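As structure tokens, the structure follows; a few thoughts come after it.
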Amino acid sequence: MADTHKQHAHALLPPDPALRVKAVETLLVKKGLVDPAAVDAMIDAYQNKIGPQNGARVVARAWSDPDYRSRLLADATAAISELGYSGLQGEHMVAVENTAHTHNVVVCTLCSCYPWPVLGVPPVWYKSATYRARVVRDPRGVLAEFGITLAADTEIRVWDSTAEIRYLVIPQRPEGSEALSLDTLASLVTRNSMIGTGLAAQPQAG
Amino acid sequence: MPPHDAGTEKTEPAFAEPWHAELFAVTHTLSASGHFSWSDWTDQFAIALKLANNNGSPKDGSDYYDIWLVTFEEFLIARDLANASDLADLKHAWTQAYLSTPHGDPVALKKVGE
Numbered sequence: 013m014a015d016t017h018k019q020h021a022h023a024l025l026p027p028d029p030a031l032r033v034k035a036v037e038t039l040l041v042k043k044g045l046v047d048p049a050a051v052d053a054m055i056d057a058y059q060n061k062i063g064p065q066n067g068a069r070v071v072a073r074a075w076s077d078p079d080y081r082s083r084l085l086a087d088a089t090a091a092i093s094e095l096g097y098s099g100l101q102g103e104h105m106v107a108v109e110n111t112a113h114t115h116n117v118v119v120c121t122l123c124s125c126y127p128w129p130v131l132g133v134p135p136v137w138y139k140s141a142t143y144r145a146r147v148v149r150d151p152r153g154v155l156a157e158f159g160i161t162l163a164a165d166t167e168i169r170v171w172d173s174t175a176e177i178r179y180l181v182i183p184q185r186p187e188g189s190e191a192l193s194l195d196t197l198a199s200l201v202t203r204n205s206m207i208g209t210g211l212a213a214q215p216q217a218g
Numbered sequence: 062m063p064p065h066d067a068g069t070e071k072t073e074p075a076f077a078e079p080w081h082a083e084l085f086a087v088t089h090t091l092s093a094s095g096h097f098s099w100s101d102w103t104d105q106f107a108i109a110l111k112l113a114n115n116n117g118s119p120k121d122g123s124d125y126y127d128i129w130l131v132t133f134e135e136f137l138i139a140r141d142l143a144n145a146s147d148l149a150d151l152k153h154a155w156t157q158a159y160l161s162t163p164h165g166d167p168v169a170l171k172k173v174g175e
């Protein structure tokens, strides 16, 4: 290459880690270990298709269909795949339901295991050392920082995810949501409410 | 731990940087094709996160994918799925490709011998 590149005339050089990831992917593709189309399809899926909207549909269905709720609590992996959402590595899903007396919170104390098929990729705070350590020691304090104050007699259960078992919280159905459609119900189910660091949103008055 | 995201939840992109998405997808794709189990990977990643935490890395998760990358490179090398000199050569080749591609053109590696 005899190219004497002019300043700024060339493509912007990505940061060092981005170049290293490109090197990893190129090498694995060259060795025939990874199909680049599969990598691109997965990026597209996680950027555009797979996210908390999937989990929200699971929760909305459980709220409005008692049979589905029973199936979800008995075998969440099967009930979730009924709606077309299935796992990446076949990890086992467990649904835990909030009640007037019990509030569930999910963490992965070791790394960041997360129910990808229903929630997408975890937010930054879920991956932080602070959350991973503190939610176990002081769940009530952590929930307060997320703006949740629970009654003193509400039991808080903290579920530690692993590579094999992932948890989905079924938040309490908000009052006044009895007449709502599945779509509207799903719109009340926030990501944090399915991790347990939030509650389902209240329906709009009127 | 704050800032929390009650209001930003809907607008937050899945990945802060394109390379985070690429790394996530490459790791999952390779595992899904049977070259290692997901728990093989998380076992090693968990150790790396703990070590980084003990060594004073940020507690806010901001270096999560940086640690993932370094650990994944080591993981591939330990399993003989990659070697360090190939990775260094390819990183160099990508750097040269970016520096020699006119702005706005797609960047691609030169074929060997070109």
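Those sequence lines, one after another, are chains W and Y.
Mapping of the first sequence onto my numbering: position 133 corresponds to residue 145, and the numbering continues sequentially without gaps.
Mapping of the second sequence onto my numbering: position 49 corresponds to residue 110, and the numbering continues sequentially without gaps.
Note that beta-carbon positions come from the ideal geometry of N, C-alpha and C, so glycine has one too.
Here the structure is a predicted model, which is why all the values come from computation and not from measurement.
Is it true that the CB of residue 85 (chain Y) sits closer than 8 Å to the CB of residue 133 (chain W)?
Stepping through the first sequence from its first residue, residue 133 (chain W) is reached at position 121. Stepping through the second sequence from its first residue, residue 85 (chain Y) is reached at position 24. Contact flag set, yes.
Within-8 Å CB hit, residue 141 (chain Y) to chain W:
If you number the second sequence from 1, residue 141 (chain Y) lands on position 80. It does not: the Cβ of residue 141 (chain Y) has no partner Cβ on chain W nearer than 8 Å.
Short of 9 Å Cβ to Cβ, which residues in the region 89 to 103 of chain Y face chain W?
89, 90, 91, 92, 93, 94, 96, 98, 99, 100, 101, 102, 103
Does any residue of chain Y have a CB that is nearer than 8 Å to the CB of residue 151 (chain W)?
What you label residue 151 (chain W) is simply residue 139 of the first sequence in a count that begins at 1. No - not a single Cβ of chain Y is within 8 Å of the one on residue 151 (chain W).
Using the DSSP secondary-structure output, state which residues sit across from residue 182 (chain W) in a beta bridge.
Numbered from its first residue, the first sequence carries residue 182 (chain W) at position 170. Bridge partners of residue 182 (chain W): W:109.
Mapping the DSSP letters down to three states, classify residue 177 (chain W) as helix, strand or coil.
Within the first sequence, numbered from 1, the residue matching residue 177 (chain W) stands at position 165. Note: residue 177 (chain W) maps to strand in three-state DSSP.
Report yes or no: is there a C-beta of chain Y within less than 8 Å of the C-beta of residue 203 (chain W)?
Position 191 of the first sequence holds residue 203 (chain W). With 8 Å as the cut-off, residue 203 (chain W) counts as an interface residue toward chain Y.
With a cut-off of 8 Å, do at least 3 Cβ pairs link the region 104 to 116 of chain W to the region 31 to 41 of chain W?
no
Where does the unbroken beta strand (DSSP E) through residue 55 (chain W) begin, and where does it stop?
Position 43 of the first sequence holds residue 55 (chain W). Segment 48 to 56 is the alpha helix (DSSP H) holding residue 55 (chain W); no beta strand (DSSP E) there.
First and last residue of the alpha helix (DSSP H) that includes residue 62 (chain W)?
Start at 1 with the first residue of the first sequence, and residue 62 (chain W) comes out as number 50. Where residue 62 (chain W) is concerned, there is no enclosing alpha helix (DSSP H), given that its DSSP letter is neither H nor E.
Just to confirm the assignment: which complete beta strand (DSSP E) runs, minimum length 3, are found wholly within the region 112 to 157 of chain W?
114 to 119
Given a limit of 9 Å on CB to CB distance, which residues of the region 25 to 36 of chain W reach chain B?
As a matter of chain content, chain B is missing from the structure shown, whose protein chains are W and Y.
How long is the line joining the alpha carbons of residue 77 (chain Y) and residue 27 (chain W), rounded to whole angstroms?
Here the question's residue 77 (chain Y) lines up with position 16 in the second sequence. Here the question's residue 27 (chain W) lines up with position 15 in the first sequence. So the alpha carbons of these two residues sit roughly 13 Å apart.
Those runs of the alpha helix (DSSP H) which lie wholly inside the region 103 to 144 of chain Y and span at least 4 residues
125 to 139
Classify residue 4 (chain W) as helix, strand or coil using the three-state DSSP reduction.
Outside the shown range of chain W (13 to 218) lies residue 4 (chain W), about which nothing can therefore be said.
Here's the rule: buried if 16 or more other CB atoms are within 10 angstroms of the residue's CB, otherwise exposed. What is residue 247 (chain W)?
Residue 247 (chain W) cannot be examined here, being either before or after the span of chain W that is shown, 13 to 218.
Could you give the uninterrupted runs of the alpha helix (DSSP H) lying entirely in the region 140 to 170 of chain Y, keeping only those of 4 residues or more?
145 to 161
In terms of residues, what are the limits of the alpha helix (DSSP H) holding residue 37 (chain W)?
Here residue 37 (chain W) refers to the residue found at position 25 when the first sequence is read from its first residue. Run containing residue 37 (chain W): 28 to 42, per the alpha helix (DSSP H) assignment.
For residue 87 (chain W), three-class secondary structure by DSSP
Reading the first sequence from its first residue, position 75 is the one you call residue 87 (chain W). Residue 87 (chain W): coil per DSSP, three-state reduction.
Under 7 Å from any heavy atom of the ligand HEM, does the C-beta of residue 131 (chain W) make it?
In the structure shown, the ligand HEM is absent, as is every other ligand, since no ligand is present at all.
is_contact[residue 112 (chain Y), chain W] using C-beta, thresh 8 Å:
Residue mapping note: residue 112 (chain Y) aligns to position 51 of the second sequence, counting from 1. Residue 112 (chain Y) does not count as touching chain W.
Could you spell out where the beta strand (DSSP E) holding residue 172 (chain W) opens and where it closes?
Start at 1 with the first residue of the first sequence, and residue 172 (chain W) comes out as number 160. Taken as a continuous stretch (DSSP letters only), the beta strand (DSSP E) holding residue 172 (chain W) covers 167 to 172.
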